[in-house]
Amino acid sequence: MAENVFQDKALQNYLNQIADIEPLSREEEHELAIRAKNGDKEAINKLVNSNLKFVVKVASRYQNRGLSLSELISEGNMGLIKAIEKFEPEKHNKLISYAVWWIKQKILFALAEKTNVIRMPLGKANIANKIKVARDKVFHKTGETASLEEISNLTDLNKRAIKKMNRQSINTVSIDDVSYTNDQEKVVLTDFLEDEKSNDPQKLYFREKVQDNIERSINKLPSREAYIVRKYFGLEGESSKNFAQIGEELGLSRERVRQIQKKALEKILKDTYGDLEEDIEYLIKT
2 MAENVFQDKA
12 LQNYLNQIAD
22 IEPLSREEEH
32 ELAIRAKNGD
42 KEAINKLVNS
52 NLKFVVKVAS
62 RYQNRGLSLS
72 ELISEGNMGL
82 IKAIEKFEPE
92 KHNKLISYAV
102 WWIKQKILFA
112 LAEKTNVIRM
122 PLGKANIANK
132 IKVARDKVFH
142 KTGETASLEE
152 ISNLTDLNKR
162 AIKKMNRQSI
172 NTVSIDDVSY
182 TNDQEKVVLT
192 DFLEDEKSND
202 PQKLYFREKV
212 QDNIERSINK
222 LPSREAYIVR
232 KYFGLEGESS
242 KNFAQIGEEL
252 GLSRERVRQI
262 QKKALEKILK
272 DTYGDLEEDI
282 EYLIKT
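Add 1 to a position in the sequence shown, counting from 1, and you land on the number used in our numbering.
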């Protein structure tokens, strides 16, 4: 690890404490997940503890970006807890395959917020704040995600400017995925959106990592493939759509849309590099 953990005694002690925690068997994990879903705190604690070493492994990949390893681990642990709260053992095969998206998402949001304070120009920060305030206002009033038209009406910004801000890099505040509860506790918007909206951490994480290399790859796709990818992952500043909704728009079956999306992601995989490969490979398999 890049950070010298021996300079952080608390971190050293923490790593020593979790080093000997034994992993759970598949059967043990499944049983605990069922109990955790029913609110069993002991089961939740056991699931958390058994995956703490994995969080450290993930967090260590994001060092030297503005947060200490201790801070990264803390954020990752919160993502793990959120994943356990959301995990449905009857739908998902293995907890960690589901939780990794929440862990990475929480870390990336923390890094984005940290670096934004330094890097976002004042003009862009003002626009981002206007959009965030408008989104929060609509959500607290209706319980729904604000549309581009609603944001435009509340901010006097044109839709093009709003879309452009939504496509800003990871080093800006995630205005599309952050909201606030009534007591001003910051939470990701997925805490409120269920079912087929944008509460899927895979979609949120993928959108968070869309940078120039991915954007270029999508632009190389045939128009229908690019359209499906953008709609499914919500890359146009709007809520993401499921296969059935996209199929209805295009006059295609849900299964056909899924096949086209899979083909498109395979093309993107061949055209990209680095840790994005791991993420897209997982999406293709699901």
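Built from N, CA and C at the ideal position, the CB exists for glycine as well.
Please read all numbers here as calculations on a predicted model, not as lab measurements.
- Shown here for P24: same chain residues with a beta carbon closer than 8 Å to its own, the five before and five after excluded, namely S51 in chain order.
- For E91, there is no enclosing alpha helix (DSSP H), as DSSP marks it with neither H nor E.
- By the C-beta density criterion, R231 is buried, having at least 16 other C-beta atoms within 10 angstroms.
- Beyond the five residues adjoining it in sequence on each side, I19 comes within less than 6 Å, by CB distance, of L53 and K54 in the same chain, given in chain order.
- Taking 8 Å as the upper bound for CB-CB distance, R136 and A147 are in contact here, some 5 Å apart.
- One Cα belongs to M79, the other to P90, and the distance between them is close to 20 Å.
- Straight-line spacing of the CA atoms in E250 and I219 works out to 20 Å.
- The shortest CA-to-CA distance from L48 to any of N130, F234 and E32 is the one to E32.
- In the DSSP assignment, Q18 falls within the alpha helix (DSSP H) that extends over K10 to A20.
- Runs of the alpha helix (DSSP H) spanning 4 or more residues and lying entirely within the region 24 to 58 occur at 27 to 38 and 42 to 51, in chain order.
- Here E151 has V139 as same chain residues with Cβ atoms under 6 Å from its own Cβ, once five neighbours each way along the sequence are excluded.
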